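Participant:
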Amino acid sequence: MAMPVVELHVLEGHNPKEKQRLGQALTDAVRFVVPANPDLVTIMIHDMPTENYYRGRTQRTPAPARPDPKLIIKTYLLRMEARDLAKARAMLDKNFTMTFPGTKPMTSLEELIEWSKPRYKFVTKTYEGFDAMQSTGDASIVYCHGTLQGEYHDDSSFEGIRFIDRFEVIDGKITKQDVWNDMAEVRVDT
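Quick note on my numbering: the sequence shown kicks off at 47 and runs consecutively.
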């Protein structure tokens, strides 16, 4: 069984939670290639004093850690479900777009609300998982999946409808949301 060891040198200044996220991400990165049990992957993070680091003949300081994209998306979804639209809107990039099944890209939460009004009275989500990764560009990608439940305008209820949402996050702001679900297929069958 593989027992990989990764040593990482970072400039001091990252807090324990940021280092834990880094250790978890490195463990996952190793396991993406090496068939190792996570308990057998060793990550050692060495803090380098900033006064000992120079690049281009200039002493440098570390950039702040990026916010956890999963936490950003979980917070956004909680705010949307609570209909705290002002706080949810504040999490969106100025160029935000979202696409739901059968729609053209929308750019505002108000467009989403207008689009959904004739479809159902309300909908809530039960989350089965969140997965995050870094794209080759600047965006962090977050997928969440689970089931939808709610009520149609005829007072009939629905539940157990599968969904997947894909988000892009850049510099702590949500830039894109793509949504896939089985709502239309379930509605046709009832």
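All C-beta atoms, glycine included, are put in the ideal place defined by N, C-alpha and C. Bear in mind the structure is a predicted one, so any value in this text is a computation, not a measurement.
Would the stretch 213 to 227 count as touching the stretch 129 to 146 if we require 3 or more Cβ pairs under 8 Å?
Facilitator: Cβ pair count under 8 Å is three or more, so yes.
Participant: Give the C-beta separation of VAL215 and VAL188 to the nearest angstrom, bearing in mind that I take them to be a contact with Cβ-Cβ under 8 Å.
Facilitator: 6 Å
Participant: Can you check the stretch 71 to 156 for any beta strand (DSSP E) of at least 3 residues that lies completely inside it and give the ranges in chain order?
Facilitator: Listed in chain order, the complete beta strand (DSSP E) runs (minimum 3 residues) inside the stretch 71 to 156 are 88 to 94, 138 to 145.
Participant: Mark ASP217 as exposed unless 16 or more other C-beta atoms lie within 10 angstroms of its C-beta, in which case mark it buried.
Facilitator: Flag for ASP217 reads exposed.
Participant: Can you tell me the Cβ-Cβ gap for ILE220 and MET137, rounded? I've got them flagged as a contact below 8 Å.
Facilitator: 6 Å between Cβ atoms; contact.
Participant: Where do the N-terminal and C-terminal ends of the beta strand (DSSP E) with TYR41 fall, by residue?
Facilitator: This structure cannot settle anything about residue 41, because the visible part of the chain is limited to 47 through 236.
Participant: Would you list the one or two residues that DSSP bridges to ASN227?
Facilitator: PHE209
Participant: Can you list, in chain order, the residues of its chain with a C-beta nearer than 7 Å to that of ALA185? Leave out the 5 residues immediately preceding and following it.
Facilitator: GLU214, VAL215, ILE216, THR221
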